[in-house]
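The structure appears below as C-alpha cells.
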Amino acid sequence: MSKYWNPLVQKLEPYTPGEQPKDQRYVKLNTNECPYPPAPEVFEAITEELDESLRLYPDPNGDILKQAVEDFYGLPSKYVFVSNSSDDVLAHVFHALFQSDKPVLFPDISYSFYPVYANLYQLKTEQIPLREDFSLVLEDYHKPNGGIIFPNPNAPTGLAVTTAQIESLVKVNTESVVVVDEAYVDFGAETVVPLLTQYPNLLVVQTLSKSRSLAGLRVGFAMGHPDLIEALERVKNSFNSYPLGRMELAGAAAALKDRTHFKANCAKIMSTREQVTKNLQRLGFTVLPSSANFVFAAPAQGNAEELYLALKQRGVLVRFFKKPRLERFLRITIGTDRDMAILLDHLFELVG
Ligand SMILES: *Cc1c(COP(=O)(O)O)cnc(C)c1O
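Heads up: the sequence shown begins at 51 in this note's numbering, then just goes up one per residue.
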C-alpha cells in the first residue's frame, strides 16, 4: 500500500493463479493445462513467423485467427473477437457489456476471476448459490440483472448444463447479455455456438489454453452478435490495439486448423478421466461427474488440505480451495495416464 496508489487500486483484491513452482519438477495437476502437445503444424506456423518481419506490428484485427474460428465453427468472422487469452477477453466483456445499475449474476462457486473483474470495473454483483449437489440451475437467474456469466462446464465442479437449459435463459433474459465461458467445453459438454445467429444477447468465450494445448501462447476469443463484438473491439482499441503478436496469431490459427490432434487429445483426456474417476471412487473419494479436463473429488475421511500438502511434498501438485463447501475437495487436472498412475499410487499410500 502506498499513498501513490489511486483509491480503486487500494481496494483491489487480485486473482491468485494456481502455483507454477520452480523449486522442483512436479507432476503438475493444478492448473488444467493439457498434458499433450499441440499439432506439429502449430510449431511450424510459429517458427515461420521468426524472421525479420518481427520488426513490424502484427495485424491489429487478427484476421487469420478470426478466419480460422470461422472455418472451425462455420460462423462468419464478424461474429468473432480475438485477444491475448480468454482472461483478457473476459475483462473486456465485464468492461464493455455488463451494466452497473443492476447486479451482474454468476454462481457462488465458479471461476474466481469473475468477482475480481467486477471489482475492477466497479460493477455490483450477486452470487447465486449452486444447489446442494453443486448443480447450476439456470431458472435461479430469472431476475433483473446487469449481465449473467457462468462457465459451462462449471469450474471447479466440472458439471455441465445443456444447450436447451441455456437457450431457455437466453429467451427470457433479453435486457442484458448472457455470457457462457466455454473454457472446458471440448471435454464433453455441448457448445452453444449454434445459437449465436438467433440470439443477439448471447456471447460465448473460449480459450486455446486447455483443449488446444496452448496455455503458454495466451490466446482466447469470443463469439456473438456483431453488435456485441463491436463493443469488445471498442474497448480493446481503447486499451491495446495489438494484443496478439505474430507468433500468437499464426500458432493459434494453426491450432484451430488442426482437427486430428485436437480431437485425439480431447478423447484421450476424457477416457483417462473416466478411468481416474473409477480409481478414485475405489479409494473412497466422492467424485462429481465431470465434463471437463479435471475432476473435483473429496476424500472419504481425513482432510483435503492435508492431502493436498502431502501430495505436494511427494511432488504431485493438485488444487485446493480453502473456501466453504469447497474445502472438502481437491481439483485434480487430468494428465497423462502415467501422471495419473503416479497420483493414484501416492493416494493409495496416503488414504488406501
Ligand atoms: C482457464 C480458464 C480461463 C482462462 O483461460 P486463459 O485463456 O488461459 O486466460 C477462463 N475461464 C475459465 C473458467 C477457466 O478455467
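Glycine is no exception: its CB is placed at the ideal position from the N, C-alpha and C atoms. Since the structure is predicted, the reported quantities are computational estimates derived from the model, not experimental observations.
Residue i - DSSP class collapsed to helix/strand/coil
i	result
residue 257	strand
residue 57	helix
residue 375	coil
residue 144	helix
residue 289	coil
residue 269	coil
residue 72	coil
residue 157	strand
residue 394	helix
residue 116	helix
residue 252	strand
CA-to-CA distance, residue j to residue i, given in whole angstroms
i	j	result
residue 93	residue 180	41 Å
residue 71	residue 377	22 Å
residue 111	residue 253	19 Å
residue 296	residue 268	12 Å
residue 58	residue 270	27 Å
residue 240	residue 125	16 Å
residue 64	residue 167	9 Å
residue 232	residue 386	23 Å
residue 243	residue 52	45 Å
Supposed contact pair residue j and residue i - C-beta distance, whole angstroms, cut 8 Å
i	j	result
residue 305	residue 264	6 Å
residue 136	residue 142	Actually they do not touch by this definition, with Cβ atoms about 10 Å apart.
residue 330	residue 69	Their Cβ separation, rounded to whole angstroms, is 22 Å, which puts residue 330 and residue 69 out of contact at 8 Å.
residue 344	residue 381	5 Å
residue 9	residue 400	Outside the modelled stretch of the chain, which goes from 51 to 402, sits residue 9, for which no answer is possible.
Extent of the continuous beta strand (DSSP E) run through residue i
i	result
residue 51	Segment: none, residue 51 is in no beta strand (DSSP E) and carries neither H nor E.
residue 105	No beta strand (DSSP E) contains residue 105, which DSSP labels as neither H nor E.
residue 384	That residue, residue 384, is in no beta strand (DSSP E); it is neither H nor E in DSSP.
residue 176	175-178
residue 132	130-133
residue 67	Here residue 67 belongs to no beta strand (DSSP E), and DSSP marks it neither H nor E.
Residue span of the alpha helix (DSSP H) that contains residue i, given as start and end
i	result
residue 278	276-286
residue 218	213-222
residue 93	90-98
residue 165	163-170
Check your understanding: In chain order, which beta strand (DSSP E) runs of at least 3 residues are fully inside the region 291-372?
Key -> 344-348
Exercise for review: Run through the region 180-250 for me and flag every whole alpha helix (DSSP H) of 4 or more residues, listed as ranges in chain order.
Suggested key: 213-222
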